[in-house]
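For the sequence shown, the positions run 0 to 302 when numbering that gives the first Met the number 0 is used.
All C-beta atoms, glycine included, are put in the ideal place defined by N, C-alpha and C.
Treat the numbers as computed from the prediction; the structure is a model and nothing was measured.
Report on one structure; see the data block that follows.
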Amino acid sequence: MSISVYRYALPLTKEKVIDGVAVRRRHGLYICINGHWGEVAPPVTADIAATETELLTACAQLEQGLEHTATSPWVRFGLGCALTPLTAAPAPSLPLLEGEREAIIRAWRCRREHPVQAWLTLTGDVQFDAGLVRELSILVPGLRLVLDAGGRLSEAQLAELWRHTGGRATDWLLDPGASPADTRTLAQRHGWPVAISADRCGDKLPAVFEGLKALVLRPSLLGEPALCRQWANTALAQGLQVILAGNLESGLANQHIAQLAGELTPDSQAQVDGLRYLLHNGVTTQGQPDVNHLTLVYGSGCL
């Protein structure tokens, strides 16, 4: 078995605050197993050194003919993609709307064709968020929005937003509560259509409740593609929509998430639009990492 591991550090177009961390470079690892690539992109709050150690330990186990014992979801996702390459055609990208209002509206006006669905990250500024929902729905009649609350907003903020918009153009609120239990309470109290992120659910999907419309899968926060398939099949069998989303990975994992979405939800889009935050997406025009611009940390030729 031939295994190589490379570090990457991709600069962002500008500093971005994620989970309270100011990020200027996206740090992660690429792994190549017998010519097939995977990406390990830990959350920005994770210890990248510990992630690398875990990955290298797993590589040594694989070379000895053993099953690896990696437990971090992002490590298992990268290994899974390299060990069992994805083959499905990628799903199209779901537009991600974040940042200044003028930039969002200007970009929207410049589109030749407008998508029928988009992902809007809520800021908590009710006037801003409600105004943007209203403007977008006027610009594109029939547009449907995923409103991502991310468990960050208060019940009062969300109730005020809903009062201003009346649910206009909204498919569902993603993670209005800090936990799935809180989300259930809010959905039942206010009658909101909601979605929950699988990585907030522990080991299994909670019981479906009135108002729960969808499950969001972030593969690099869940684990290997096979586990993502289990989550998706369980949710779909219970009548929920399923959407796959990125977590600021490079072009390699973005492609893998889009392929997984193409396999699991062929009639849907995947929210993998975070590449615009990277100065370079990290891969060549052939969709593979350029090893000439990476740091080899494991494999043939590594000192």
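Burial state of residue i, where buried means 16 or more other Cβ atoms lie within 10 Å
i	result
R75	buried
P265	exposed
V193	buried
N246	buried
T182	buried
V20	exposed
L172	buried
R275	exposed
I253	Just to set this straight, residue 253 is Asn in the shown sequence, not Ile. Answer is buried; the Cβ neighbour count reaches 16.
D46	exposed
P288	buried
R23	exposed
Bridge-paired residues (DSSP) for residue i
i	result
C31	S3 and W36
Y297	V4
S71	Paired residue(s): none; S71 is not in a bridge.
S153	Answer by DSSP bridge pairing: none, since S153 is not bridged.
A21	V16
L55	Answer is none; L55 lacks a bridge partner.
V193	L172 and L211
H163	Paired residues: none, contrary to the question.
Residue i in three-state terms, based on DSSP
i	result
T50	helix
A252	helix
E66	coil
R199	helix
D181	helix
A206	coil
A142	It is worth fixing the name first, because residue 142 is Leu in this sequence and not Ala. Three-state result, L142: coil.
L85	coil
T169	strand
L9	strand
L95	strand
Heavy atom of the ligand COA within 8 Å of residue i beta-carbon
i	result
A194	As far as ligands go, the structure on display features none, and thus does not contain the ligand COA.
Neighbour flag for residue i against chain C, beta carbons, 9 Å
i	result
L146	Protein chains in the displayed structure number just one, and chain C is not present.
Note down, one range per segment and in chain order, each beta strand (DSSP E) of at least 3 residues found wholly within the stretch 98-138.
116-120
So does the stretch 2-12 actually touch the stretch 29-48, counting three or more Cβ pairs closer than 8 Å?
yes
As an exercise, report each continuous alpha helix (DSSP H) stretch of at least 4 residues that is fully enclosed by the stretch 211-291, in chain order.
218-221, 224-236 and 250-263
Any chance the stretch 82-91 sits against the stretch 254-262, with 3 or more Cβ pairs inside 8 Å?
yes
Hey, is the stretch 154-168 in contact with the stretch 185-200, meaning 3+ C-beta pairs nearer than 8 Å?
yes
Do the stretch 212-221 and the stretch 58-74 meet, that is, are 3 or more Cβ pairs less than 8 Å apart?
yes
Could you check whether the stretch 267-274 touches the stretch 230-249, counting it as contact only if at least three pairs of C-beta atoms, one from each stretch, sit closer than 8 Å?
yes
Is the stretch 112-127 in contact with the stretch 284-302, if contact means three or more CB pairs nearer than 8 Å?
no
Touch check for the stretch 220-236 and the stretch 11-23: three-plus C-beta pairs under 8 Å?
no
Taking three-plus beta-carbon pairs below 8 Å as touching, is the stretch 161-172 in contact with the stretch 129-137?
yes
Quick check: the stretch 280-289 against the stretch 98-108, are at least 3 beta-carbon pairs closer than 8 Å?
no
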